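Accompanying notes for the structure given below.
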Amino acid sequence: MMEVEEGNFDEAYDVYACMQCGKCTGSCAVSLRSDLNIRELMRIAILNKNEDLEKHEEIWDCTSCGICTVRCPRDLKPAEVIIGMRSSLVEGGTIPVTVRDALESVGTNNNPWGRPKSKRAEWLEDLDVKVKNISEGEEAEYLLYIGCTASYDPRIQSVSRAAINVLTKLGVDFGILGEEEPCCGSEPRMMGETGLFEMLVEDNLTLFDEFGISKIITLSPHAYNTFVNDYPECAKRLKEDDVEIPDIELEVKHYTQFLEELIDDGRLDGEMMNEFSGTVIYHDPCYLGKRNNIFEPPRKILNIIPGARCIEFDRREDRSLCCEGGGGRMWAEGTGTGERNAIIRVNDANQDGANVIAVACPFCLSTLEDAHVTAGYEETMRVMDIFEILDEVLK
Amino acid sequence: MTVYILAEHRRGELMDVTFESISAARRLNDEVVAILLGTDLADHAEKVAKYADKVLVVEDERIENNTEAYTQVIGEIIKKDKPKVFLMGNTSMGMDIAPALAIDLDSPIATDVVGISEEGGRIKVNRSVYNGKVLSDLVLREAETSVIAIRSGEFSAADLEEKNGEITKVDSPLKETIENKKFLEFVEPVAGAVDITQADVLISVGRGIKDKDNLPMAEELADAVGGVVSCSRPVVDYDWLPKDRQVGTSGKTVKPKFYLAFGISGAFQHVAGMKGATMIVAINKDIKAPIFSVAQYGIVDDLLKVMPALTEKIKELKS
Amino acid sequence: MDVIVCVKKVPDTAEADVSVDAGGREINKERLTFAINEWDNYAVEEAIRLKEEDEGTVTVVTVGGKDKEDILRRSLAMGADKAIRVDMEDPEDSFVLANVLCTLIKDQKFDLVFFGAQSGDFNSGVTGAMVARMLGISHAAMVNGVEVLDGSIKASRELEGGLNEIYEIKLPALFTIQTGINEPRYVSISGIRKARKKPLDVMTPEDVGVTEVKPMLSLEKMYLPPPGKIAEIIGGSPEEAAAKLASLLKEKGAF
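Protein sequence lines, in the order shown, are assigned to chains L, V and S. Per my numbering, the very first residue in the first sequence carries number 240; after that it's consecutive. Per my numbering, the very first residue in the second sequence carries number 861; after that it's consecutive. Per my numbering, the very first residue in the third sequence carries number 2; after that it's consecutive.
Right, here's the structure in full:
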């Protein structure tokens, strides 16, 4: 994740170890439907021929699912090489206008959606329960980190409201940051805006420190991943550069992990729920699965729901098919033609006999929701976040 | 109080804003004198004279299509006749001429004006600011002549009183040919196969369409309903649609029977180009988007969800 | 080509809720975000492109307090060479601003001066042409294309209806730039950091030699527009709303 000066990819990513076996391209979530060929990009990196990167529009096709990194027999990080390439395009200023606008919006509005900061908490308006706002001085054990997409996207806002309802019913001592909640920086980092990410890490750690926040529950696996994996590394590097960063240890959990603990502690069980009718298939998000090996918690939650018949995709866990929502793809359509992965996914779910696709990620919800409408399953299938299912069944 | 207005014309056509300027000038309740500059002005002069108290015609080919020559000639006429107000459209031409004229005449200026009145001998204007979300009342400082540029489409010319004013030829006061700023030519927008000004139904898309790849969705709806796809400015800026599809002050003015605005916030430049539509429907996520104040019907939702659904329903109803 | 670009920082009010403060002469700005005026951003990009094509310098200028410096830093990161901020309260109107800018610019070396065609706050679109007149140089408003000739510029002006008119304009000249003339580049945070070393001069009005002038306009009041006729909202899910709209369109004879 270090800043790559033009022409030193080889050193930055140790790409000489690459033996051009092509496992990365073979496993890639989008290589079948787009021009993205990671092996070729790795070769460009090895040869240091990155002067013509502008011509490689497909660099923006990568969803940053991370499967190439998982599969690389030499333990290289091809996904990071792509971020490095994006980074050099970002520094050069020539990037797709939609990506440009998203990044600029993070700078001005603190979210990539181009929506005003002052409307970040509008989703709260329809809620019946009172939520603590940590930024207004209220104290809580946990910060529920909503994230940009679940704050602004009308469909995903319902997950945020469901989360509030569920955590409140379960007696969890939590609060939110409301309008003051910052962008976590995961998407800017994946889009190659290293400097912006560093700035967000610095600002956000300072903000968490200021409000005494040490325990965080995230709605999004992307926020989870960046808080857990990228923040410590980035903070360490910034400290080495003499940037003043508060020394705080963050205890971050994706909400499915948190709920799993409640189950283990006996604070959440099937007795507390009404019957749910449906055949539920769980779609592993890349940022929980491939990137963080978190497979069990969401399944455990779904399994205690009375009446829910849980089935599995053939392609699951670390082989789960990426929905193409991450890696900045919300702001870059990519060169891909043919069927979107999300369509393939809802078709698979339909074939497997599911009538509910359970997700645990705002991007998956967004892409699969769209796909299930496009594929014509509106009447027969629902795409639901696990929080939404719980909100529906909890007494 | 005398108000001078500029009769704007281009390539043989008199612009609507000429009559809107007369309409605005009438709010100040007095004699309206129109200035008509260039060549081949006889027809224009008659049309303008119908509603103006007087038309001053300066035939001089050095003035035709040259905004600098316009500025100098208008300046000379105003200096001589000293009208209380000089008024023209806040058009592209107005944006070039009016501020320069104000400096030449040492006059106060207000542009993009949507309301005008006189109070105790001073001119008061109403302007819409901050993206149309706020109105402001401003008073121009005392001066021999004030310069006003009105927003196109704000002052209706529908009920202008007939005056059949006198047409007076004036010798060109232009001292010398303008050498520093030479008009070369007009360049047509790159023409596509589609003329959005002729369509009865426009499916118009704005920033909310989010991506070029979502445009086929709009085309599909247009096909289903027998309409044409148009757009707001950002879509052209992004090169997602050609310029001849753009509705608004910097694009085309359209008056279709049905105007469906998808993901268009309703910036005034856009609204000015479409508010003549018979029925306007706005589909936008933001209920506070200004487009809802010109629309008769609205859907507050994501256009990417509504648009394909609408296409389906229309196909159903047709079959 | 030496180009001076005048820029302004404006609040983003496109989507935000806007309210008028108790005094009725200004909007409440606490919850708004601010950025370089959109038109000005295109102007800065165009100036930098001219420099990159040929040679020369780009100087960006703004008038206002220290909080306005970020848009200058950003322009420096885009590729401008030098920035000047005239340290004073926001001028009362465009005429007062034009007077300050004219006084500043007349002592600078330049071939071209760029302004945004208008600003996103008050959309007056007068400052550029006023400055040109005060400087005694040629100008063109709403410029959407620039081609450098020998000693002059071929400039395209955007007219209504998508039509353009082409002028040949002798240098020095001033243009007000319309959006869409180019595709402004992205300015990265590390780019802004690196541009910190570039010169940013702060001048007082006295340094500039500004003489006081009276504003042309005095603001009486600002107020929110009356709630007017609001569209009849068709409710329900996207599908339900679409179904109702489809029936309505059919009923009214759209198809």
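Just so you know, even glycine gets a beta-carbon here, dropped at the ideal spot from N, CA and C. As the structure is a computational prediction, the values presented were derived from the model and not from experiment.
Fill in: Where T433 (chain L) meets chain S, residues with beta-carbon distance less than 9 Å
Counted from its first residue, the first sequence places residue 433 (chain L) at position 194. Per Cβ cutoff of 9 Å: S189, I190 and S191.
| query | Looking only at its own chain, which residues have a Cβ that is under 6 Å from the Cβ of D964 (chain V), when we skip the five neighbours before and after it? | reply | Taking the second sequence and counting its residues from 1, the one referred to as residue 964 (chain V) is at position 104. The residues are G935.
Under 9 Å, CB to CB, which of the residues in the region 169-190 of chain S have a partner in chain L?
E184, P185, R186, Y187, V188, S189 and I190
Using a C-beta cutoff of 9 Å, does T878 (chain V) count as contacting chain S? For the purposes of this step, residue 878 (chain V) is taken as the residue at position 18 of the second sequence. Chain S, which has no Cβ nearer than 9 Å to the Cβ of T878 (chain V), makes this no.
Exercise for the section: Would you tell me roughly how many angstroms separate the C-alpha atoms of V632 (chain L) and A581 (chain L), rounded to the nearest one? Expected result: Residue 632 (chain L) sits at position 393 when you count from the first residue of the first sequence. Residue 581 (chain L) sits at position 342 when you count from the first residue of the first sequence. So the alpha carbons of these two residues sit roughly 27 Å apart.
ask   = Taking Cβ-Cβ distances below 8 Å as the criterion, which residues of the region 570-581 of chain L are in contact with chain V?
value = Answer set for the region 570-581 of chain L: E572.
- Message: Between the alpha carbons of L446 (chain L) and F35 (chain S), how many angstroms are there, rounded?
- Response: Residue numbering aside, residue 446 (chain L) sits at position 207 when the first sequence is read from its first letter. Residue numbering aside, residue 35 (chain S) sits at position 34 when the third sequence is read from its first letter. Taking the straight line joining both Cα atoms gives about 21 Å.
Quiz item: Using 9 Å as the limit for Cβ to Cβ distance, is A81 (chain S) near chain V?
Solution: If you number the third sequence from 1, residue 81 (chain S) lands on position 80. Closer than 9 Å: no.
Simplified DSSP state of V345 (chain L), which is helix, strand or coil
Residue numbering aside, residue 345 (chain L) sits at position 106 when the first sequence is read from its first letter. In the structure shown, the three-state DSSP call for V345 (chain L) is helix.
_Please report whether the beta-carbon of K1165 (chain V) lies at a distance below 9 Å from any beta-carbon of chain L._
Mapped onto the second sequence, residue 1165 (chain V) falls at position 305. Closer than 9 Å to some Cβ of chain L, the Cβ of K1165 (chain V) qualifies, so yes.
Please state whether DSSP places N165 (chain S) in a helix, a strand or coil.
Position 164 of the third sequence, counted from the start, is the residue given in the question as residue 165 (chain S). Of the three classes helix, strand and coil, the one that applies to N165 (chain S) here is strand, per DSSP.
Look at the alpha carbon of S153 (chain S) and the alpha carbon of I235 (chain S), and state the distance between them as a whole number of angstroms. Start at 1 with the first residue of the third sequence, and residue 153 (chain S) comes out as number 152. Start at 1 with the first residue of the third sequence, and residue 235 (chain S) comes out as number 234. Whole-angstrom Cα-Cα distance: 56 Å.
On the CB-based measure, 16 or more other CB atoms within 10 Å of its CB, does E928 (chain V) come out buried or exposed? Translated into the one-based positions of the second sequence, residue 928 (chain V) becomes position 68. Classification of E928 (chain V): buried, given that the 10 Å Cβ count is 16 or more.
Could you tell me the distance, in whole angstroms, from the CA atom of A284 (chain L) to the CA atom of P206 (chain S)? The count along the first sequence starts at 1 and reaches residue 284 (chain L) at position 45. The count along the third sequence starts at 1 and reaches residue 206 (chain S) at position 205. Spanning the two alpha carbons is a distance of roughly 53 Å.
ask   = Counting along the chain, where does the beta strand (DSSP E) carrying M143 (chain S) start and finish?
value = Here the question's residue 143 (chain S) lines up with position 142 in the third sequence. Start and end: S139 to V149.
Count the other CB atoms, across all protein chains shown, that sit within 10 Å of the CB of N889 (chain V); report buried if there are 16 or more and exposed otherwise.
-> Within the second sequence, numbered from 1, the residue matching residue 889 (chain V) stands at position 29. Exposed, since its Cβ has fewer than 16 Cβ neighbours within 10 Å.
* Mind checking if T1028 (chain V) is an interface residue toward chain S, Cβ cutoff 9 Å exclusive? -> As a position in the second sequence, residue 1028 (chain V) is number 168, starting the count at 1. No, T1028 (chain V) does not count as interfacial toward chain S.
Helix, strand or coil: which one does DSSP assign to I963 (chain V)?
Sequence index remark: in the second sequence, residue 963 (chain V) carries index 103 (1-based). Helix, per DSSP.
**Message:** Below 8 Å, how does it come out for the region 1166-1174 of chain V and the region 1076-1083 of chain V: are there three or more Cβ pairs, yes or no?
**Reply:** yes
| field | Outcome for S20 (chain S) when other beta-carbon atoms lying within 10 angstroms are tallied against a minimum of 16 | value | As a working mapping, residue 20 (chain S) is identified with position 19 in the third sequence. S20 (chain S) should be labelled exposed.
For P1094 (chain V), does the count of other Cβ atoms within 10 angstroms reach 16, so buried, or fall short, so exposed? To locate residue 1094 (chain V), count along the second sequence from 1; it is residue 234. So P1094 (chain V) ends up on the buried side.
R32 (chain S) touches chain L at which residues, Cβ-Cβ below 7 Å?
On the third sequence, position 31 is the one that residue 32 (chain S) refers to. Against chain L, the beta carbon of R32 (chain S) has neighbours under 7 Å at S357, listed in chain order.
Chain S contact residues for G332 (chain L), given Cβ-Cβ distances below 8 Å = Within the first sequence, numbered from 1, the residue matching residue 332 (chain L) stands at position 93. Under the 8 Å cutoff, chain S gives M79, R186, Y187, V188, S189 and G192.
- prompt: At a CB-CB cut-off below 8 Å, which residues of chain L make contact with K1145 (chain V)?
  reply: If you number the second sequence from 1, residue 1145 (chain V) lands on position 285. For K1145 (chain V), the neighbours in chain L by C-beta distance under 8 Å run, in chain order, P393.
Of the choices S:V45, S:V203 and S:R86, whose alpha-carbon is the least far from that of Y1 (chain S)?
The structure shown does not extend to residue 1 (chain S), since chain S spans only 2 to 256, so no value can be given for it.
Review point. Per DSSP, T60 (chain S) forms a beta bridge with which residues?
Key: Numbered from its first residue, the third sequence carries residue 60 (chain S) at position 59. Beta-bridge pairing links T60 (chain S) to S:I5 and S:K83.
inquiry  = Can you list, in chain order, the residues of its chain with a C-beta nearer than 8 Å to that of L1075 (chain V)? Leave out the 5 residues immediately preceding and following it.
reply    = For the purposes of this step, residue 1075 (chain V) is taken as the residue at position 215 of the second sequence. The residues are V1065, I1069, V1089, W1100 and L1101.
- Rounded to whole angstroms, what's the CA-CA distance from P114 (chain S) to L458 (chain L)? Just pull it up for me. Working through the third sequence from its first residue, we reach residue 114 (chain S) at position 113. Working through the first sequence from its first residue, we reach residue 458 (chain L) at position 219. Residue identity check: residue 114 (chain S) is Val in the sequence provided, not Pro. Going by the C-alpha atoms only, they are around 50 Å apart.
**Prompt:** Roughly how many angstroms separate the alpha carbons of L383 (chain L) and G451 (chain L), rounded to a whole number?
**Reply:** For this step, residue 383 (chain L) is matched to residue 144 along the first sequence. For this step, residue 451 (chain L) is matched to residue 212 along the first sequence. Straight-line Cα distance between these residues: approximately 14 Å.
key: Uninterrupted beta strand (DSSP E) stretches inside the region 1101-1154 of chain V (no shorter than 3 residues)   = 1118-1122 and 1139-1143
(Q) Checking the sheet assignment: what are the DSSP bridge partners for C307 (chain L)? (A) If you number the first sequence from 1, residue 307 (chain L) lands on position 68. According to DSSP, C307 (chain L) bridges with nothing at all.
For this session: Would you tell me roughly how many angstroms separate the C-alpha atoms of P968 (chain V) and I976 (chain V), rounded to the nearest one?
Result: For the purposes of this step, residue 968 (chain V) is identified with residue 108 of the second sequence, where counting begins at 1. For the purposes of this step, residue 976 (chain V) is identified with residue 116 of the second sequence, where counting begins at 1. Each residue's alpha carbon lies about 14 Å from the other.
**Item:** Within-9 Å CB hit, M2 (chain S) to chain V
**Value:** On the third sequence, residue 2 (chain S) is found 1 positions in, with the first residue counted as 1. By this cut-off, M2 (chain S) is not an interface position.
Assign D68 (chain S) to one of two classes, buried (16 or more other C-beta atoms within 10 Å of its C-beta) or exposed (fewer than that). Numbered from 1 along the third sequence, position 67 holds the residue referred to as residue 68 (chain S). Exposed.
- Given a cut-off of 9 Å, decide if R26 (chain S) and M204 (chain S) are closer than it, judged by their beta-carbon atoms. One-based indexing of the third sequence puts residue 204 (chain S) at position 203. One-based indexing of the third sequence puts residue 26 (chain S) at position 25. In this structure, R26 (chain S) does not lie closer than 9 Å to M204 (chain S) by Cβ.
Coil, strand or helix - S952 (chain V) by DSSP
Indexing the second sequence from 1 puts residue 952 (chain V) at position 92. It is helical.
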